[in-house]
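Per UniProt numbering, residue 1 is the first one in the sequence shown, and the count goes up by one each step. No residue lacks a Cβ here, since even glycine has one placed at the ideal position from N, Cα and C. Have a look at the structure below before the remarks.
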Amino acid sequence: MVEAFQKADFFYGALAPAGLDKGLDYENTLDVLSHFVTKMMNDTNRFDLSTKEGLIMDKAISVSDIVQGARIYFSLPDGKKKYGEYLKNRFGINLYPKLSDIKPEQVRAVSPIIEHAQLKGSTWQSTITFWNVGQMHDDPSYHEVKLISKCITLCTKGKSSTGTFSGGPNGIFSFKEAKFSLTNGTKAVLAGDGAEVVYTVENPEAFSKYDWNFSDTTEGGP
C-alpha cells in the first residue's frame, strides 16, 4: 500500500491531494494514510487488499480503489462529500444515509395463539400493523399503529387499540394501555398480566434492507 501511495505521488509530490497537510513529514503522512486505509476498508466492509484493478470483489478491495478513494477524500473543498459519492457509485454503498432514502413500507407483526390469563380455554391471536418509518416521517399517516386481537376460541369478540410508532428497527410502540419496543426490526415483546407476548415481524426486510444510521451532514473524520 505504501508503494502505491508513493507511485501516486502522495509524499511531498506536487500531485498530492490539496487536503493532505503538506507540512507533515513522511512518517506522519504515512500515519494519516494508514488511518484512511483502515477507514475505507471499514466503509466498504472489505478487509483484504488486492492488486487486481477494475474489479469489485466481495471481501477484498483493490489498491487502486484505495488510492483513488484517498485522492478524492483529501481533495478540497468538499472531498468528504465526493468520497461518499465515490463509494455509492463504485460500490453501491450509501455512506451518508438520509430518511429520504427509505421507502415507507407497511409492517405486520403477529403473536402466537395465546391463552387468556383469566379465562381458561379462551385463546387469542394479535396483530400489530404499522409503518417502518413511523413518526420519523413528516406525514402523520405513517405515525399510526394498530393492535388487533382476534378471538380464536371460547370468547365472543376481539378488541383493537390504536397508538403511535416512533419509527425505525428499534422504535417505540405507544398505546394508552402500554408502551413497548421493537427489537432490531424483527420482534416486539409486550409484557403484561404476568406473561410476555412476543410479536414476530412478518416482513423484517422493511427494516433490514435500509441503513437507519442517519447523518445530518456529509462531513466526518477519517
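- Residue environment analysis places I128 among the buried positions, since at least 16 neighbouring C-beta atoms fall within 10 angstroms of its C-beta.
- If you draw a straight line from the Cα of I66 to the Cα of R46, it comes to about 11 Å.
- Counting along the chain, Y199 sits inside the beta strand (DSSP E) bounded by residues 195-201.
- Cβ-Cβ distances below 6 Å link G168 to W212 in the same chain, with the five nearest sequence neighbours on each side left out; the list follows chain order.
- Under DSSP, Q135 shares a beta bridge with no residue.
- If you check the CB distance, T164 and V189 do not come in under 8 Å.
- Within a 10 Å sphere around the beta-carbon of Q106 sit fewer than 16 other beta-carbons, which makes this residue exposed.
- Look at D58 here: in three-state DSSP terms it is coil, with no helix or strand label.
- Taking 8 Å as the cut-off, the Cβ atoms of I152 and T123 count as close.
- Put simply, the region 99-116 does not touch the region 47-54. Fewer than three CB pairs are less than 8 Å apart.
- Minimum Cα-Cα distance from F74 among the listed residues T156, V2, F36, K7 corresponds to F36.
- Beta-bridge partners of S181 (DSSP): I172.
- Q125 is positioned such that its CB atom lies closer than 8 Å to that of K150.
- Here L49 is bridged, per DSSP, to I61.
- Rounded to whole angstroms, the separation of the alpha carbons of K120 and Y210 is 43 Å.
- If you draw a straight line from the Cα of G84 to the Cα of V197, it comes to about 42 Å.
- Taking the C-beta atoms as reference points, K179 is found no nearer than 8 Å to V201.
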